[in-house]
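> Have a look at this one.
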Amino acid sequence: MFLFFFTNVMRGRISSMQSHVTELLQKPKIINWIEMPSAIGEDEHIEFLKNDIFLQRHEGLMDHILKLNKICESESVYFFNLDKILSRNLINNNDALMFSKNFIQFINKYFSFKSLVHTNLIDDKLSNLFRSEGIAYIERNLEDKKNAMMTTLDMIKPFFSINNKVLRSYIRVNLEKYRYKVEILNTGGTKSPDSGIMKDLSVNGAGIILNNLNSIENYNLKDAVSINMYIRQYLIKVQIGFVTRINKDENALGITFDINSRKMLSMMAAENLSKLIYHYLEEAIKKISIGNPRVPN
Numbered sequence: 177m178f179l180f181f182f183t184n185v186m187r188g189r190i191s192s193m194q195s196h197v198t199e200l201l202q203k204p205k206i207i208n209w210i211e212m213p214s215a216i217g218e219d220e221h222i223e224f225l226k227n228d229i230f231l232q233r234h235e236g237l238m239d240h241i242l243k244l245n246k247i248c249e250s251e252s253v254y255f256f257n258l259d260k261i262l263s264r265n266l267i268n269n270n271d272a273l274m275f276s277k278n279f280i281q282f283i284n285k286y287f288s289f290k291s292l293v294h295t296n297l298i299d300d301k302l303s304n305l306f307r308s309e310g311i312a313y314i315e316r317n318l319e320d321k322k323n324a325m326m327t328t329l330d331m332i333k334p335f336f337s338i339n340n341k342v343l344r345s346y347i348r349v350n351l352e353k354y355r356y357k358v359e360i361l362n363t364g365g366t367k368s369p370d371s372g373i374m375k376d377l378s379v380n381g382a383g384i385i386l387n388n389l390n391s392i393e394n395y396n397l398k399d400a401v402s403i404n405m406y407i408r409q410y411l412i413k414v415q416i417g418f419v420t421r422i423n424k425d426e427n428a429l430g431i432t433f434d435i436n437s438r439k440m441l442s443m444m445a446a447e448n449l450s451k452l453i454y455h456y457l458e459e460a461i462k463k464i465s466i467g468n469p470r471v472p473n
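Written out as structure tokens, the structure is:
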């Protein structure tokens, strides 16, 4: 029965994903999490974002899971919460093994080498079934808030690492069309700030287009600057940043800072910046997602 359900719903599902993401200059590393543990809340989402990782929540009903191949792409991995998937689909313990065999066929067809299944169940038959097919499988309680974050980061590393080092993707969001106001001051040069608009923004830096064509001459590479960014309802102050790009053709500067440094950004500024990036990412990714993620206010 379950195999019939899988094969008939999946038949003809594969289609090329048309990206309508206009706000993203660099896509994040995305974890599509089917039945995300409740211990991973908004604070954890923000912490992952600081590591260039965006968590996307999906329901565990089979009609939702079977549509995941529509967003299959190299930048994404897929975490499956087996316990809740079984519960959502009213699968009892006697049928769990047969269901899992069919589920493995689906994973191998669409998400081979970029999927992980996690469970609280300690069942040798289940674990051997998944592992014999080369699917990452862990038996761990991720509903415990104390270790959910650390465990999840450890789970992520193999998918986004080379030589045990997590790759950085430097998520950037294009904000030029919104014309958000910016004030930037060369702390070792001019006494008054230059005005401009936001070009792009990330948790690691910002792109700024200066209003005055002559202002670009006030800056050199590696200059220390301070920035006031007026974005939506927020005033985000970068106390110290450094000029790392100068584009005279666009009259634009690239500024780099470390969101985890309290010398560069206050705790409040860092949190507000993370929330903004999270908001724009969720809005952008929603356009190509089959799910219905919650959009922050």
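All residue numbers for the sequence shown refer to our numbering, where the first residue is 177 and numbers rise by one.
Positions of the beta carbon are idealized from the N, C-alpha and C atoms, including for glycine.
Bear in mind the structure is a predicted one, so any value in this text is a computation, not a measurement.
(1) What did DSSP end up calling Leu302 once you bin it into helix, strand or coil?
(2) Excluding the five sequence neighbours on either side, which residues of its own chain have a C-beta within less than 7 Å of the C-beta of Leu209, listed in chain order?
(3) Quick one: any contact between the stretch 257–265 and the stretch 364–373, if contact means 3 or more CB pairs under 8 Å?
(4) Let me make sure I understand the geometry here. Which of Asn436, Val358, Ile207, Gly310 has the alpha-carbon closest to that of Gln281?
(5) For Ser291, which residues does DSSP report across the bridge?
(6) To the nearest angstrom, how far is it from the Cα of Ile453 to the Cα of Val414?
(7) Using a Cβ-Cβ cut-off of 6 Å (strictly less than) and excluding sequence neighbours within five positions of Ala382, which residues of its own chain qualify?
(8) Can you tell which of Ser288, Ala312, Phe279, Asn304 has the C-alpha that lies nearest to the C-alpha of His294?
(9) Inspect the CB distances between the stretch 269–276 and the stretch 346–354 and report whether three or more fall short of 8 Å.
(10) By the DSSP assignment, the beta strand (DSSP E) with Ala382 in it spans what residues?
(11) For Thr432, list the residues DSSP reports as bridge partners.
(12) Would you grab the beta carbon distance between Leu386 and Leu429 for me? Rounded to a whole angstrom, and I think it's under 8 Å.
(13) By alpha-carbon positions, which one of Val419, Asn388, Ser252, Glu447 ends up nearest to Ala400?
(14) Using the C-alpha atoms, what's the distance from Gly372 back to Ile466?
(15) Under 7 Å Cβ to Cβ from Asn284, same chain only, skipping five residues before and after it: list those, please.
(16) Going by alpha carbons, who is nearest to Ser252 out of Asp300, Met405, Asp228, Gly217?
(17) Going by C-alpha to C-alpha distance, which of Ala324, Gly417, Leu305 sits closest to Met359?
(18) Could you check which residue in Asn394, Leu292, Asn304, Ile403 has the C-alpha nearest to that of Thr328?
(19) Less than 6 Å between C-beta atoms, sequence neighbours within five positions excluded: which residues of the same chain meet that for Asn296?
(20) Here's the rule: buried if 16 or more other CB atoms are within 10 angstroms of the residue's CB, otherwise exposed. What is Glu218?
(21) Measuring only the C-alpha atoms, how far is Phe306 from Ala215?
(22) Would you kindly check if the distance between the Cβ of Asp425 and the Cβ of Ser391 is under 8 Å?
(23) Find the nearest neighbour of Tyr395 within the set Met274, Asn427, Glu447, judged by alpha-carbon distance.
(24) Just to confirm before moving on: does the CB-CB distance between Glu220 and Met325 stay below 8 Å?
(25) Thinking just about the alpha-carbon of each residue, which of Leu302, Ile298, Tyr286 is nearest to the one in Phe275?
(26) Exposed or buried, which one is Arg348 when buried takes at least 16 other CB atoms within 10 Å?
(27) Alpha carbon to alpha carbon, how far is Met444 from Asp299? Give it in angstroms, no decimals.
(28) Would you mind working out which of His240, Phe279, Ser288, Ile412 sits nearest Ile435, comparing C-alpha positions?
(29) In its own chain, which residues sit with a C-beta less than 6 Å from the C-beta of Lys146, not counting the 5 before and 5 after it?
Checking against the coordinates, here is how it stands:
(1) For the purposes of this step, residue 302 is taken as residue 126 along the sequence shown, with counting starting at 1. Three-state DSSP puts Leu302 in a helix.
(2) Within the sequence shown, residue 209 is the residue found at index 33, counting from 1. It should be pointed out that residue 209 corresponds to Trp in this sequence rather than to Leu. Hits under 7 Å: Leu231, Gln232, Arg233, His234, Phe255.
(3) no
(4) Taking the sequence shown and counting its residues from 1, the one referred to as residue 281 is at position 105. Closest by alpha carbon: Gly310.
(5) Here residue 291 refers to the residue found at position 115 when the sequence shown is read from its first residue. Answer by DSSP bridge pairing, in chain order: Tyr254.
(6) In the sequence shown, counting from the first residue as 1, residue 453 sits at position 277. In the sequence shown, counting from the first residue as 1, residue 414 sits at position 238. Cα to Cα, Ile453 sits roughly 15 Å from Val414.
(7) Within the sequence shown, the letter at position 206 stands for residue 382. Answer for Ala382: Ile431, listed in chain order.
(8) Locating residue 294 in the sequence shown gives position 118, counting from the first residue. When only C-alpha atoms are compared, the closest one is Ala312.
(9) no
(10) Taking the first residue of the sequence shown as 1, we reach residue 382 at position 206. Looking at the DSSP string, the run of the beta strand (DSSP E) that includes Ala382 is 381–386.
(11) For the purposes of this step, residue 432 is identified with residue 256 of the sequence shown, where counting begins at 1. For Thr432, which the question treats as bridged, DSSP gives the partners Gly381, Phe418.
(12) Sequence index remark: in the sequence shown, residue 386 carries index 210 (1-based). Sequence index remark: in the sequence shown, residue 429 carries index 253 (1-based). Contact flag correct, Cβ pair sits at about 7 Å.
(13) For the purposes of this step, residue 400 is identified with residue 224 of the sequence shown, where counting begins at 1. Minimum Cα distance to Ala400 is reached at Val419.
(14) Your numbering for residue 466 matches position 290 in the sequence shown. Your numbering for residue 372 matches position 196 in the sequence shown. Reliability of the predicted coordinates at Ile466 is poor, the pLDDT of 36 falling under 50, and the value obtained from them is presented with this limitation in mind. Cα-Cα distance, rounded: 37 Å.
(15) On the sequence shown, position 108 is the one that residue 284 refers to. Correct list, in chain order: Glu309.
(16) For the purposes of this step, residue 252 is taken as residue 76 along the sequence shown, with counting starting at 1. Looking at the Cα atoms, Asp228 is the closest of the given residues.
(17) For this step, residue 359 is matched to residue 183 along the sequence shown. The question names Met, yet the displayed sequence has Glu at residue 359. Answer by Cα proximity: Gly417.
(18) Start at 1 with the first residue of the sequence shown, and residue 328 comes out as number 152. The candidate whose alpha carbon is nearest that of Thr328 is Leu292.
(19) Numbered from 1 along the sequence shown, position 120 holds the residue referred to as residue 296. Taken in chain order, the residues that qualify are Asp259, Asn317.
(20) As a first step, residue 218 must be located in the sequence shown, where it is residue number 42. By the 10 Å Cβ count, Glu218 comes out exposed.
(21) The count along the sequence shown starts at 1 and reaches residue 306 at position 130. The count along the sequence shown starts at 1 and reaches residue 215 at position 39. Looking at the two C-alpha atoms, the distance is approximately 25 Å.
(22) Counting from one through the sequence shown, the residue named residue 391 turns up at place 215. Counting from one through the sequence shown, the residue named residue 425 turns up at place 249. Not a contact, by the Cβ cut-off of 8 Å.
(23) In the sequence shown, residue 395 corresponds to position 219, counting from 1. The candidate whose alpha carbon is nearest that of Tyr395 is Asn427.
(24) In the sequence shown, counting from the first residue as 1, residue 220 sits at position 44. In the sequence shown, counting from the first residue as 1, residue 325 sits at position 149. Yes, Cβ-Cβ distance for Glu220 and Met325 is below 8 Å.
(25) In the sequence shown, counting from the first residue as 1, residue 275 sits at position 99. Selected option, being the one with the closest Cα: Leu302.
(26) By one-based count along the sequence shown, residue 348 stands at place 172. So Arg348 ends up on the buried side.
(27) As a position in the sequence shown, residue 299 is number 123, starting the count at 1. As a position in the sequence shown, residue 444 is number 268, starting the count at 1. When rounded, the distance between both Cα atoms is 45 Å.
(28) By 1-based counting over the sequence shown, the position of residue 435 is 259. Checked all of His240, Phe279, Ser288, Ile412; the closest Cα to Ile435 is Ile412.
(29) Not covered by the structure: residue 146. The range shown for the chain is 177 to 473.
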